[in-house]
Every structure is written in C-alpha cells, then in structure tokens.
Amino acid sequence: MRLFKLLLPLLVLLLVRVAPAHAALDPAVLQPLAADDYDAKLAVIGKLVDIGGPDALRVLKALSDDALAVAGGRIVVIDGERVVDAATGVEIKPAPEDSDGITINNYVRRRLDDALARLRLFAPERATRLAAARDLLDHVAADMAPLLGRALATETDPQIKALLALADAQASLKNPDAAIRLAAVKTLARSSDPSVVHLLAALEDPKTEPDERVRLEAGASLRAVKSRLAFADNVGRVFSGLSLASILLLAAMGLAITYGVMGVINMAHGELLMVGAYSAYATQTLFARFFPGAQDAYLVAAVPVAFFVAAAVGMAMERTVIRWLYGRPLETLLATWGLSLFLIQSARVIFGAQNVEVSNPRWMSGGIQLFADVTLPWNRIVIIGFSLFVLLLVWVLMNKTRLGMFVRAVTQNRAMAGCVGVPTGRIDTLAFGLGAGIAGLGGVALSQLSNVGPDMGQGYIVDSFMVVVLGGVGQLAGAAWAALGLGVASKFLEGWLGAVISKILVLAFIIVFIQKRPQGLFALKGRFVDN
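Numbering-wise, the sequence shown is residues 2 to 532 according to my numbering.
If you want it as structure tokens, here you go:
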C-alpha cells in the first residue's frame, strides 16, 4: 500500500503527459458536409464553432481552402500528396485513390469566414487574434455577443481587448433589449475608432432606434467620439509637422552656417542632401554584399560616411568655384545652380535615373499606436531625435570650440576677424564643408522616409532658404524655431486648405515678416561695419 501511494503521483503525472490535450472530433458531426444540403453544412459549421479547438479550426480552414473532400465514406483533408482524416488529423495510408471535393456556395463561404474569424479569437498567436478581431469589426452580428464576451474574458492584450470591446458593443447595438443597447452606446463613447461615428449617427434617427434614451445617449457619445477624433487628428498633424521640421532643420542648419559666414546663396545645397542620401544607399549595398548578418547596422555606418562625403563635395565646390566669386552674388547664384545640375547628372550616371530604395532597419520598423487611426512610426521618431542630437552637436561646436569661435567672428565681421589673425580663407572652406556635411546628414534622414533619386534635393532648397531667412542669418536657434514653426504650420494648413494654398500662404507670411523684421527671429549680436 505504501508503494502504491508513492507511485500514484507518478502514474497521474504520466497520464497527464500522455493524455491528449483535447478530444478528437466525432466523425458523425462532419458527415453532413458530404451532403448537397447547404443548410446542413451551415449547421456543421455552427457546431464546430461551439466545439472550438485546433481540430475544428483545421477542418474549417480546409473547407475554406477547398481542401476538404469525401474519400472512402469519410471526410478527409487533401494536403498535397497526403490524405488526412479530418476528424482525427491522422494521415491515411495508403491514400484513397478516389476523392470527391466538398463544395460550398457564396453564402456558406461568408458564414464560414465569420466562423473562422471567431475561432481565431482564441488562437495562441497574438497576430492571429489581432487579425481576427479586426476582421470581426467589418461584419459584427448580434449572435456574436456571447462569443465576444468569452473572448473578452480570456484576452490579456490591451490592443486586442479594445477591439473586442468595440465589436462587443456593436453586437449589443442589435440586441432587442433597450437597456443592453444603452450600455453599448455608453461603451462606444470611450472609443477612438472613426467607424463608430457612423454607428452612433445612425442611432440618432428614430427610424433606426425607437428608444429615446438610447437616441439621446447616442448623441452625447457621438459628440465625445468626434472630440476625441479631432484631438487625435491634431496630434497626428503636430507629429507630422515635427517630422517635417526635423528634415527642414537638418537641411537649413548647414545653409545657415555657409550663408551666414560667406553670404553665398548656394543653389546646390539641395543636391548635398541628395549626396548624403546616395551615401546611405551605397552603405546599405555594401553591407548587403559583405556584411549580410549586420544589415540592420548599415544606418549607423551611413551617418559618418554621408557626413564626410558631403563635406568633401562641399569643400571641393568652395575651393574650385565659389572661392573666386565672393562679393558677386549673381555670378555665385548662377554658378551654384550649374553645380547643382552637374551633381544631378553625376548621380544619374553613377546610380541611374530611376529612384532607389533605402530600407528601414528592423529596429526602425513599426510604430507607437496612440489612437485607432494615429500611429507614430519609429523611423520618424528616430529622425526627430537624430535632428535634435545634430543640433546639440553643432551648438557645442559653434559655442565651445576654437573653430566655432572663428566662424562666429567671420560671420559678425570678416574684415576685423582677418585683422586679428583669423584665417578667413580656411574658415570659409571648413565652414562650407561643415554646412555640406550637415546637409548630408539630412539626406540620410530623408532616405528613411522616401525613395532616393537624383532630383530629391530640389524640393527642399526653397524651404531651407525660408527657414534661414525667417530664423535669422547665421543663427542656429533661429533656424530651429523657424523649422519647427514652418513644419507644424504647413501640416495644419495642408489639412485645411491643401498643399498648394498652404505653400502660398507660408511664403506670403515670410515676405510680410521680413518686411517688418529684416533681421529675422533672432538678430546677430555684436559690432558690425559696413563694407
């Protein structure tokens, strides 16, 4: 007896380990699928939904994929060369020679899709449950309420739970009990899904909803949902404006330095963005060929590559062309425009005329979902943080280093700086290289948002000059605030008036502003002399 007591727990554990997790389906339940009666097939589908489990899901999926057949008097699943018993999931050997496929009409297929969606709500994979919850929102029926209640009770993921609560409320709206409908309307008031607006708006009509309390509550819930959607829309616009501002800041920061130091209107500055973007593309290609296991790290390597390549191109432009045209603004304007055409054509010869794709690393994929229709992508979040980091580095360089002191001295008074020993010619070259390198970093950021092409920089040159002029020549703080203001304002105006009208209004505002305050938002401090 003592030995039996000792062995009993081991026997129980062994039985638990070898026992099946669930009972196999009864073949008799599946047999009506072989008949021509579609109502009988619908009844089988309903029973399988009630039974649940992986076997029921397997049978319904096979029916949806037209892989269910009748062979040897039983229901089987045709899986390539294999024939599997639909009830038990055991392969039949030898495989029956003849089988007759089970067909369904469109009505049965629609009900089958609903059944599959319902069963997938209890799948172990999160992605499967999420997709099933989203599918159910498109065709919620009143009889789904018990199933959705069970799914809500067992679901732990917050995103899926919110979708299930929305679907459960939609199902309850079709309940004949007015109290249940009233509770569902109150639940929908907490939703941020745009589809809820149409549901609640329909309930305000007495022809749709006979109960006055439900209609009044639907109106209050509708106002709450619209207010939440408007807030979500504004949050999305602000984020889009911040994203645009980060690109404008990177594009204009270098231009603020070169324009402030040398007074050169560099029409090729947009092409320096393009040089940085193509540097990122070349780095991605090299990593894909020589370091495929570290492909996600290519973007980190592309940052210094783009900076030094764009800086080298900028210094070459200053040494060969721009240096000989100081004090001649019209000739400089035409020369830099010619350089921009040269860089565009060079990119076409080297990389081709077609746009190329620079993919996001996996750690920049996805985003943060704040509301049902507002998601903050990781690539834009990283770019905003990157632009702020570059701004911090440039501020440290300009205010805490010897090179920065020389650049500020030349910006304020070139003649006096030269008199006290500042090598103005060398500072011109280094400042132009620094500005071009920052533009190259902007190209890396831009490559993560859109395709890279020879003409990609031309759309940013005008906006960059607007940021520099609005912020104040040579002022990093002014460039940052101007980029932020223009980016956010442009996105709000685009949402209200369209892209073309918003661009015209922004340009008109800058013209009027410069007429009233020619020095921009932030004026340079120091002593000036007229040359």
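No residue lacks a Cβ here, since even glycine has one placed at the ideal position from N, Cα and C.
Of the candidates His270, Asp99, Ser193, the residue whose Cα lies closest to the Cα of Gly74 is Asp99.
Residue pairing by DSSP puts Phe372 in a beta bridge opposite Val375. Each residue's CA atom was taken as its position, placing Ile181 and Gly47 some 25 Å apart. Taken in chain order, the whole alpha helix (DSSP H) runs of length 4 or more contained in the stretch 463-506 are 477-498. Residue burial annotation: His199 is exposed, with fewer than 16 other C-beta atoms found within 10 angstroms of its C-beta.
Cβ-Cβ distances below 6 Å link Val383 to Met365 in the same chain, with the five nearest sequence neighbours on each side left out; the list follows chain order. In this structure, the alpha-carbon of Ser241 lies about 35 Å from that of Ala317. Taking C-alpha positions only, Thr376 is separated from Val215 by approximately 32 Å.
CA-to-CA, the gap between Val391 and Ala295 works out to about 25 Å. A residue is called buried once 16 or more other Cβ atoms fall within 10 Å of its Cβ, and Pro455 is buried on that count. Around the beta carbon of Gln370, fewer than 16 other beta carbons lie within 10 angstroms, which makes this residue exposed. As DSSP reads the structure, Glu92 sits in a beta bridge with Val85.
In the three-state reduction of the DSSP assignment, Leu522 falls in the coil class.
Nearest neighbour of Glu210 by Cα position, chosen from Ser173, Asn400, Val453, turns out to be Ser173. Counted as a single uninterrupted DSSP element, the beta strand (DSSP E) harbouring Ile76 occupies residues 75-80.
The continuous alpha helix (DSSP H) containing Val408 extends over residues 403-413. Assignment of Val265 by DSSP, reduced to helix, strand and coil, places it in the coil class.
Cβ contact annotation for Ala269 (same chain, cutoff 7 Å, sequence separation greater than five): Met318, Thr337, Leu340, Ser341, Leu344, in chain order. Between the alpha carbons of Leu31 and Ile76 lies a gap of roughly 7 Å.
Taking each of Ala202, Asp56, Glu358, Tyr327 in turn and checking the Cα distance to Tyr279, the smallest one comes out for Glu358. Looking at the DSSP output, Val357 bridges to Val453. Counting other Cβ atoms within 10 Å of its Cβ, Val513 stays below 16 and is therefore classed as exposed. Between the C-alpha atoms of Arg127 and Gly264 there is a straight-line separation of about 58 Å. If you look at Leu34, you'll find it isn't in any alpha helix (DSSP H); DSSP assigns it neither H nor E. Three or more Cβ pairs closer than 8 Å define a contact, and the stretch 239-258 falls short of that threshold against the stretch 221-230. Contact between the stretch 272-289 and the stretch 302-318 is present: 3 or more CB-CB pairs across the two stretches fall below 8 Å. Taking the Cβ atoms as the reference, Leu64 lies roughly 12 Å from Leu120, outside the contact range of under 8 Å.
Contact annotation: Thr321 and Ile266 have beta-carbon atoms that are not nearer than 8 Å. For the set Pro95, Val226, Gln346, the Cα lying nearest the Cα of Asp194 is the one of Val226. For Met467, the closest C-alpha among the options Gln285, Arg112, Ala246 is that of Ala246.
The beta carbon of Val314 lies closer than 7 Å to those of Leu273, Val276, Ala437 in the same chain, with the five residues before and after it left out. Secondary structure at Ala278: helix, using DSSP grouped into helix, strand and coil. Burial check for Ser196: the Cβ neighbour count within 10 Å stays below 16, so the residue is exposed. Sixteen is the threshold: since fewer than 16 other Cβ atoms of the shown chains lie within 10 Å of the Cβ of Thr89, the residue is exposed. Contact check for Tyr299 against Thr284 passes: the beta carbons are separated by less than 8 Å. Nearest to Ile462 by alpha-carbon distance, out of Ile248, Leu69, Ile79, is Ile248.
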